[in-house]
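Here is the structure we will look at.
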Amino acid sequence: MWGTKRTMSQPAVTYELVASQDKARRGILHTPHGSVETPTFMPVGTVGSVKGLAPWELKSMGAGVVLGNTYHLHLRPGEELIARRGGLHSFVAWDGPMLTDSGGFQVFSLAALNQITEEGVAFRSHIDGSKRFLSPEESMRIQKALGADIIMAFDQCPPADAERSMIEAAMGRTTRWLDRCIAALDSPQQALFGIVQGGIDLELRVQHIEEICSRDLPGFALGGLSVGETNEAMYEVLEHTAYRLPSDKPRYLMGVGTPRDLVEAVAQGIDMFDCVLPTRNGRMGTAMTSEGRINIKNARFAEDDGPLDPECPCPTCTTFSRAYLRHLYQAKEILVMRALSEHNLWYLMGLMERCRTAISEGTFDQLLADTRARWPLASERAQK
RNA sequence: GGAGGGGUACCCAAGCGGUCAACGGGAGCAGACUGUAAAUCUGCCGUCUUUCGACUACGUAGGUUCGAGUCCUACCCCCUCCA
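Using the numbering used here, the first residue of the first sequence is number 6, and each one after it goes up by one.
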């Protein structure tokens, strides 16, 4: 009873700092469904499934938090149906921590299908064309029904090429919507994270951080990045903003990313990431490996008997040859999509683990240098 | 033996006098993918050339025509039906 009471009075999700090196930091994210070591990469399971992978496979690679998406799950199968089955954890058979995105990203990615007003966003369902409406209150209601440990504020995510005036408008709206999310929230076992916008303008970013982080929330995210800007621009934003996020709360960089992006962001003090890249690229035939990016479709792998990544301990790499994986891709066999997706996630899980270890051991700058060498940016490749 | 249909690039296939190096598919080759409308999308795909362009091509050999994958003749193959 005492324990229960104490837990009830604490935020659902807390951050515990374990070690740091310069701005990079190692910690533990405590949630009602278990604790996760950070920095951490969170696989994306938009419609209630990390595409191609079963929960036990995610478990075996050490996945911590898994994502779901408010917009997609609202359209299908509907949050009420999920709630009747005990919530998202129970429905998708993931007993670890979960996070649901608010639908804010769909304001960006489905821009052609929606209309934004102060009240919220009118969507045209991409599934059947029906009219839908998402607002901060509606997003909170849906996310409460889904029951994830971490829920995201409903924000407006403008594209990278948006005009300054539009960025500013999105910032103001995102702040007002955040306050409405806070007001609508009535599930103490869920942790609401605020989202910072501001494009790649450093002043606007800093301004919006001050706005968003003045709210008492258990975690904060940088949104509106990796939406079309250059990597260099994103790094600059991270360098000038990540450290300004509250140090006693988890910092989440949404929608990132590539191995290089992840390590660069860890260097700036980011703790959490999510990205569709490992699974999408896996389905499309590209793999992240210790030798850099590999396109398994390439003819040069037709008779390559070696593993996808010689340094990787994952099931794909310890079981299949490149020649076989390429054959599976050519033959359009679904196994290769699973195998590459699983490998890519293992790669990022391993990368995050190396970050944590390096931070503890004070060797993170070496890892950063190594990552920069292995994963050059397009501009760096062009120079070379 | 008779009647009919057909042979087009790696494969399937359109084409019915010029605008055809030849529509479409497939295969092949390469690229893209960052809070997932994605097992998707883009480019190349006769040879040589970065481009312009040149050359070789529509079963084979002739012919008609200013011009033929497209028309005519012969021949060689394939398929269907009748004997």
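For every residue, glycine included, the Cβ atom is placed at its ideal position computed from N, Cα and C.
Source: prediction; values computed, not measured.
Exercise for the section: Compute the Euclidean distance between the alpha carbons of M103 and A387, then round it to the nearest angstrom. Expected result: Residue numbering aside, residue 103 sits at position 98 when the first sequence is read from its first letter. Residue numbering aside, residue 387 sits at position 382 when the first sequence is read from its first letter. Near 40 angstroms, if we compare the C-alpha coordinates of A387 and M103.
Handout entry: Coarse secondary structure for M66, derived from DSSP in three states
Key = Residue numbering aside, residue 66 sits at position 61 when the first sequence is read from its first letter. In the structure shown, M66 sits in coil (DSSP, three-state: anything other than H, G, I, E or B).
Exercise for the section: With DSSP collapsed to three states, give me the class of G203. Expected result: The residue given as residue 203 occupies position 198 in the first sequence. When DSSP states are grouped into helix, strand and coil, G203 belongs to the coil group.
Problem - Beta-carbon spacing of L72, M47 below 8 angstroms - result: Counted from its first residue, the first sequence places residue 72 at position 67. Counted from its first residue, the first sequence places residue 47 at position 42. The criterion of a C-beta distance shorter than 8 angstroms is satisfied by L72 and M47.
Problem - Any beta strand (DSSP E) of 3 or more consecutive residues that is wholly inside the segment 161–247 - result: Entirely contained in the segment 161–247, the beta strand (DSSP E) runs reaching 3 residues are, in chain order, 196–201, 224–227.
Exercise for the section: Keeping to the same chain, check which residues put their C-beta closer than 6 angstroms to that of G8; ignore five residues upstream and five downstream. Expected result: Residue mapping note: residue 8 aligns to position 3 of the first sequence, counting from 1. A caution first: G8 carries a pLDDT of 39, below 50, which makes its placement in the model unreliable, though a value can still be read off. Excluding residues within five positions, none has a Cβ falling inside 6 angstroms.
Practice task
Compute the Euclidean distance between the alpha carbons of T36 and T19, then round it to the nearest angstrom.
Solution key: Within the first sequence, the letter at position 31 stands for residue 36. Within the first sequence, the letter at position 14 stands for residue 19. Going from the Cα of T36 to the Cα of T19 covers about 7 angstroms.
Exercise for the section: Kindly indicate which three-state DSSP category F325 falls into: helix, strand or coil? Expected result: Here residue 325 refers to the residue found at position 320 of the first sequence. In this structure, F325 counts as coil in the three-state DSSP scheme.
Practice task
Evaluate the contact criterion for the segment 186–196 versus the segment 48–58: three or more CB pairs, one atom per stretch, below 8 angstroms.
Solution key: Counting C-beta pairs with one atom in each stretch, the segment 186–196 and the segment 48–58 have fewer than three that are closer than 8 angstroms, which means they do not touch.
Problem - Distance, T105 Cα to A374 Cα - result: If you number the first sequence from 1, residue 374 lands on position 369. If you number the first sequence from 1, residue 105 lands on position 100. Cα-Cα distance, rounded: 33 angstroms.
Problem - For G108 and H77, the rounded distance between their alpha carbons - result: By one-based count along the first sequence, residue 77 stands at place 72. By one-based count along the first sequence, residue 108 stands at place 103. Their Cα atoms are separated by approximately 8 angstroms.
Exercise for the section: Identify, in the order they occur along the chain, each residue of the same chain with its Cβ nearer than 6 angstroms to the Cβ of L345, setting aside the five sequence neighbours on each side. Expected result: Position 340 of the first sequence, counted from the start, is the residue given in the question as residue 345. Excluding positions up to five away in sequence, the list reads G287, A292.
Problem - Cβ-Cβ distance between L80 and I132 below 8 angstroms - result: Walking along the first sequence from the start, residue 80 turns up at place 75. Walking along the first sequence from the start, residue 132 turns up at place 127. Yes.
Exercise for the section: Would you mind stating whether T269 and L243 have Cβ atoms separated by less than 8 angstroms? Expected result: By one-based count along the first sequence, residue 269 stands at place 264. By one-based count along the first sequence, residue 243 stands at place 238. Looking at the sequence shown, residue 269 is not Thr but Glu. Cβ atoms of E269 and L243: closer than 8 angstroms.
Exercise for the section: Could you name the residues of the same chain whose beta carbon sits closer than 8 angstroms to that of I301, not counting the 5 residues immediately before and after it, in chain order? Expected result: Here residue 301 corresponds to residue number 296 of the first sequence, with the count starting at 1. Cβ within range, chain order: G290, T291, A292, L313, R327, L330, R331, Y334, V341, L345.
Practice task
Taking 8 angstroms as the cut-off, decide whether the C-beta atoms of G260 and D279 are in contact.
Solution key: Counting from one through the first sequence, the residue named residue 260 turns up at place 255. Counting from one through the first sequence, the residue named residue 279 turns up at place 274. Cβ atoms of G260 and D279: closer than 8 angstroms.
Exercise for the section: Look at the Cβ atom of A153, then the Cβ atom of I87, and state whether they are nearer than 8 angstroms. Expected result: Taking the first residue of the first sequence as 1, we reach residue 153 at position 148. Taking the first residue of the first sequence as 1, we reach residue 87 at position 82. Between A153 and I87, the C-beta gap is not smaller than 8 angstroms, which leaves the two residues out of contact.
Problem - Cutoff 6 angstroms; reference G262; Cβ partners in own chain excluding five residues on either side - result: Indexing the first sequence from 1 puts residue 262 at position 257. So the list reads S231, C280, once near-sequence residues are dropped.
Handout entry: Segment contact, 8 angstroms Cβ cut-off, at least three pairs: the segment 313–322 with the segment 231–240
Key = The answer is no - the segment 231–240 does not touch the segment 313–322, with fewer than three Cβ pairs under 8 angstroms.
Practice task
Provide the residue span of the alpha helix (DSSP H) that contains K149, from first to last.
Solution key: For the purposes of this step, residue 149 is taken as the residue at position 144 of the first sequence. Segment 141–151, the alpha helix (DSSP H) holding K149.
Practice task
Closer than 6 angstroms by C-beta to V201: which residues in its own chain qualify, once you throw out the five before and the five after it? Chain order, please.
Solution key: Locating residue 201 in the first sequence gives position 196, counting from the first residue. The answer, listed in chain order, is H213, I214, I217, L227.
Problem - Host beta strand (DSSP E) of M277 (start-end) - result: As a working note, residue 277 is residue 272 in the first sequence. Following the DSSP letters along the chain, one finds M277 inside the beta strand (DSSP E) bounded by residues 277–280.
Problem - Cβ shell of I147 (< 6 angstroms), same chain only, five flanking positions each side left out - result: As a position in the first sequence, residue 147 is number 142, starting the count at 1. T75, H79, E84, listed in sequence order.
Exercise for the section: Rounded to whole angstroms, what's the CA-CA distance from L267 to P44? Just pull it up for me. Expected result: Locating residue 267 in the first sequence gives position 262, counting from the first residue. Locating residue 44 in the first sequence gives position 39, counting from the first residue. If you draw a straight line from the Cα of L267 to the Cα of P44, it comes to about 9 angstroms.
Handout entry: Residues near G57 in its chain [Cβ-Cβ closer than 6 angstroms; skip 5 each side]
Key = For the purposes of this step, residue 57 is identified with residue 52 of the first sequence, where counting begins at 1. M342, R343, S346.
Handout entry: Bridge partners - Y334, DSSP secondary structure assignment
Key = Working through the first sequence from its first residue, we reach residue 334 at position 329. None; Y334 has no bridge partner.
Exercise for the section: Measure the beta-carbon distance from F159 to F198 and round it to whole angstroms, keeping in mind my assumption that it falls under 8 angstroms. Expected result: Here residue 159 refers to the residue found at position 154 of the first sequence. Here residue 198 refers to the residue found at position 193 of the first sequence. No, F159 and F198 are not in contact; Cβ-Cβ is about 11 angstroms, not under 8 angstroms.
Practice task
From the DSSP output, in three-state form, read off R137 for me.
Solution key: Locating residue 137 in the first sequence gives position 132, counting from the first residue. R137: strand per DSSP, three-state reduction.
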